[in-house]
């Protein structure tokens, strides 16, 4: 048990909160609604501590006052009292556990809701800067650390603290000389615990690194096993893995050396205290300076007071880690949403779908200059990602946007749904500035199909219905048919009720895309944003997707980040974007005749297609 | 249980360590059992007998017992963990070796993440049981029996009174194992579900925001949060009903000892020292019972883990050398498929259905067909990644099953669709198939694969680290390194699963050049994605749903096969529409 404590503490992160005070106060704020229950908990903890101290005292009194004097009635009285004390202790610890645990869990549940609500308020700007994986693992770890503190740690430490105080008082009251002599062991024990926890922390850091290496190697070699077999490399890999595996084993054996030494040392110290009581107490008893009962009571006390000392000395580490976790969580909760509905925001009435960009400029650096991932823009925070963009899309038109990676294509379409706010100029829909209407009413009239359709864990029907929650089964099916997804869905084991794994991994990319299109068709938005996929799918699926897209684009205002020639050809306007500016615009045909950059791109493409032309005529 | 015995066989090489740990543990237990006797002597003979020399001896005895216990406690913990770490090491190695050698059909099914869990978590569970649970079980028994013997030999009346506490504590523990432990699992499951929703909302934030589904997601999250809270509170109540109760029963045992024992002391049949010693034994008795819960948990987890580990070890290795397998002599490169059929284990549908063809040394064979028509299967059968279910694959007249796998694959160069690179330097990756290759050779194939220029562009050149901790390469760059890797082996037979990955036109051209060089003078099998490859092939195999529907040269097939014409047409369509953006990127960038 003791070993556990020190190991657990050693495996925690070593960072503390930068400002413990405010974090602690804030954490207390979460506990405040439970102040009545907390008072009861405090009472129960005190009662528990009292019964812990009273037990050995009563036993001592029974031995001295009753047994030694052959007082049967006295023994009965003391024993009934002891029974009451034990029962009280049982009730106290039981209800203390329930109350404190419940308070802890309720607090944690509230914290989780706060975190989630915060995440929902934040704009894409925030998520661009935080890789989902990192954010996820941090949130999971941090709430877990806090869970440990709130549900057990706090009550346990209070119990230890008061229990220790109770025992110390009882010992001092019973026999100060014997008490003070036995306390000699305490500082030694504190130092030993400190030293060992530092040593084991170092040792465990090594083991964490070693097992990390093993895992990395495993991951790579299992994922690449086919290549290894193809190249007859398995033998070499086995030797290499065995080396890392051995390094891990040796690091662990070294750590074990430390952790195995700790319990015996503590054990020896606690026995030393027993020996002091037996020897010195016995000496006092022989000279009638104390009674046998006192010595017996002391023997119990010294055995009881080492556990709380252990717990208190490792609690410091736990508390530090918890505060650091809480601080990170509060930092997140405090992140001010950069896009909020104005107080007088209107509901956007059903729109025709005219989209106007009026001299729009945008950069990612407007808010506190955090790191912008290079995938979004290669420019520094101060340069504009979009520079003076003006466009006018009439209801029902298809606007194709082409340009190199980093030209600002994605940013441009993201401004329509107000996923970011413009820095200059305005985006208007049917004359409404997108900043003057509620985001919900704006986005409910928009549909979006991403390169890789994100699917939720759940059934196929649930995933399509995400487009419109109140759609009937028949409507979902109609949308799936329109998206050319119905056929493959019917071939799935449970057709529409087939459960998709995490992220829809069980489907091919093409199938995921068809579901994404079905979702958008079901939503039936006036304005559609489409980011065509770049990765190739097989010919059959490609044709399905193209025909589904034609259905989807029909009679809505559509903005397409285009990768397909067929889409570009069919567009009403083609915008060629470069470094945040529109460098050319017009229809495919107009741009070709103009003989500018687009035309050149198109010609260069024909050079590559030449052999295929030969094939066709052959 | 059988499974555990099998796992315990891995302790065999470390039996002395384990025996040492076991012996230490027994000595510790004996020392524990001796302490109350020392106490008895202190009280009865020392204090009551007013004999201070006894006190001195007893105190020294305490310290001596503690020291012995300390030493053996250490050796017990250290040796058992050391042994267990070695066992874990051995098991991990055996598992890794097994996984490295299991054939493709196994790895097609297995998920990397799950295999990882088995090699890390499951091995740890087993290790934990071996180092902790196993020995604790022994120590539990020693303490339990030892305390009972001591109690009954001191005063059997009193012992009987105390004995009642054992079944009642055990009952509470059993209830805990049966009722409360499943609650922990429920908490874990609900927490997992809740975090699943959180994860989806982080990864899919764009979709959630775009469809304005925040209220829906919040409702979902809140409901699952409530469910988790409920499960947590249930668990807390279950816990609260267990441990405080066990402590109380133990306390009632103490009460009984003092009360009835007190009467016996008054009656003169028991001494105060014996009473105190009796009480100490009671504490020793409680300890093992408290541990039952922990050990049962460890035991059941270890069994589950061991089962999962042995499942891997017991998997039949499908592709193995026959006892009479010969070393494949250097081949010319004539490859014959003689009436080959193939279907995956457990599947009714043949992936290849009576396929026969022959490729002469130096020929380029292009394989065409829709997704799922069996193209990849053909190329996977040549290096014997799978075994045919009918017919035979012959290389220079040798059936691939009659030669050793190593000698067979040695002569085949493969560029797989999945151009996995391993963490390490570029040079390591090119020399993957021939770790002893000289730098000159590596550089030469780098050049031949059109990779030299971009490699030389890195500050560290061929020593540039790639993979998770290094430079990220583009798809086209990875592909060229994979080509160099295959080229370094200078194989007589070359296999290219050259599927389209999105690379720009310029890179594609370079890759094409590299492939043309690579093909020269070797028998090459190419899964054709590009018309130019098909046209220059000596033999085109056209597959449809596992059947070889046509074979011949481009010109013959254009004349003779309607399907071929169609496919050429549709692929031309597909390729053309997929390209403009990439060209745009390439020119503007």
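Protein chains in written order, with this note's numbering: chain A, 278 to 895; chain B, 155 to 743. Yeah, the Cβ is synthetic: ideal placement off N, Cα and C, and Gly gets one too.
Check: Does the region 599–619 of chain A come into contact with the region 402–418 of chain A, if we say contact requires no fewer than three beta-carbon pairs (one atom in each stretch) closer than 8 Å?; Outcome: yes
Check: Within the 7 Å Cβ cut-off, does residue 211 of chain B reach chain A?; Outcome: no
Check: With 7 Å as the threshold, decide whether the Cβ of residue 697 of chain A is near any Cβ in chain B.; Outcome: no
Check: Does the Cβ of residue 313 of chain A have 16 or more other Cβ atoms within 10 Å, making it buried, or fewer, making it exposed?; Outcome: exposed
Check: Let me check one thing: in DSSP terms, what residues is residue 233 of chain B bridge-paired to?; Outcome: Residue 233 of chain B pairs with nothing; no bridge assigned.
Check: In the DSSP assignment, the alpha helix (DSSP H) including residue 746 of chain B goes from what residue to what residue?; Outcome: No answer is possible for residue 746 of chain B: it lies beyond the span of chain B, which begins at 155 and ends at 743.
Check: Should residue 254 of chain B be flagged as near chain A, meaning a C-beta pair shorter than 7 Å?; Outcome: yes
Check: Tell me, which residues are paired with residue 723 of chain A by DSSP?; Outcome: A:804
Check: Measuring CB atoms only, is the region 178–194 of chain B touching the region 514–523 of chain A, in the sense that at least three cross pairs come out at less than 8 Å?; Outcome: no
Check: From residue 354 of chain B to residue 719 of chain B, what does the alpha carbon distance come to, in whole angstroms?; Outcome: 45 Å
Check: Output needed for residue 643 of chain A: all residues of its chain with C-beta closer than 7 Å, excluding positions within five of it in sequence on either side, in chain order.; Outcome: In this prediction, residue 643 of chain A has a pLDDT of 48, which is less than 50 and means its spatial position is unreliable; nothing more can be read from the coordinates.
Check: Looking at the strands, I want to know which residues DSSP matches up with residue 211 of chain B.; Outcome: DSSP, once it has assigned bridges, lists no residue as partnering residue 211 of chain B.
Check: Does the region 697–712 of chain A come into contact with the region 628–643 of chain A, if we say contact requires no fewer than three beta-carbon pairs (one atom in each stretch) closer than 8 Å?; Outcome: yes
Check: Going by DSSP, what residues sit across from residue 552 of chain B in a beta bridge?; Outcome: B:549
Check: Can you grab the Cα-Cα spacing for the pair residue 426 of chain A / residue 597 of chain A, in whole Å?; Outcome: 10 Å
Check: Should residue 276 of chain B be labelled buried (16 or more other beta-carbon atoms within 10 Å of its own) or exposed?; Outcome: buried
Check: Just reading off the alpha helix (DSSP H) that residue 621 of chain A is part of, what are its end residues?; Outcome: Run containing residue 621 of chain A: none; DSSP gives neither H nor E here.
Check: Going by C-alpha to C-alpha distance, which of B:607, B:574, B:568 and B:702 sits closest to residue 673 of chain B?; Outcome: B:568
Check: Can you tell me where the beta strand (DSSP E) with residue 706 of chain B in it begins and where it stops?; Outcome: 701–706
Check: Closer than 7 Å between beta carbons: that is the criterion. Which residues of the region 850–862 of chain A meet it against chain B?; Outcome: 855
Check: When the Cα of residue 306 of chain B is compared with those of B:504, B:435 and B:160, which residue comes out closest?; Outcome: B:435
Check: Are residue 662 of chain A and residue 640 of chain A close, meaning C-beta to C-beta below 7 Å?; Outcome: yes
Check: Residue range of the beta strand (DSSP E) that residue 685 of chain A falls in?; Outcome: Element bounds for residue 685 of chain A: n/a, residue is neither H nor E.
Check: Residue 227 of chain B and residue 182 of chain B - do their beta-carbons sit closer together than 7 Å?; Outcome: yes
Check: Determine the extent of the alpha helix (DSSP H) in which residue 327 of chain B is found, giving its start and end residues.; Outcome: 319–329
Check: Unbroken alpha helix (DSSP H) runs of length 4 or more, entirely within the region 571–620 of chain A: which are they?; Outcome: 583–611
Check: Looking at C-alpha atoms only, which residue of B:232, B:679 and B:711 is the closest neighbour of residue 530 of chain A?; Outcome: B:232
Check: The ligand PLP heavy atoms versus the CB of residue 708 of chain B: any closer than 6 Å?; Outcome: This structure simply doesn't include the ligand PLP, nor any ligand for that matter.
Check: When the Cα of residue 510 of chain A is compared with those of B:503, B:321, B:229 and B:563, which residue comes out closest?; Outcome: B:563
Check: Could one say the Cβ of residue 568 of chain B lies closer than 7 Å to chain A's Cβ atoms, at least one of them?; Outcome: yes
Check: Could you give the residue range of the alpha helix (DSSP H) that holds residue 493 of chain A?; Outcome: 462–500
Check: Considering only their Cβ atoms, is the gap separating residue 559 of chain B from residue 480 of chain B smaller than 7 Å?; Outcome: no
Check: Just list the residues that DSSP pairs residue 522 of chain B with in beta bridges.; Outcome: B:696
Check: Taking the alpha carbon of residue 546 of chain B as the point to measure from, which residue in B:518, B:372, B:485 and B:492 has its own alpha carbon closest?; Outcome: B:492
Check: Measure the alpha-carbon distance for residue 162 of chain B versus residue 331 of chain B and round it to whole angstroms.; Outcome: 25 Å
Check: Relative to the C-alpha of residue 400 of chain B, which residue among B:555, B:324, B:340 and B:243 is closest?; Outcome: B:324
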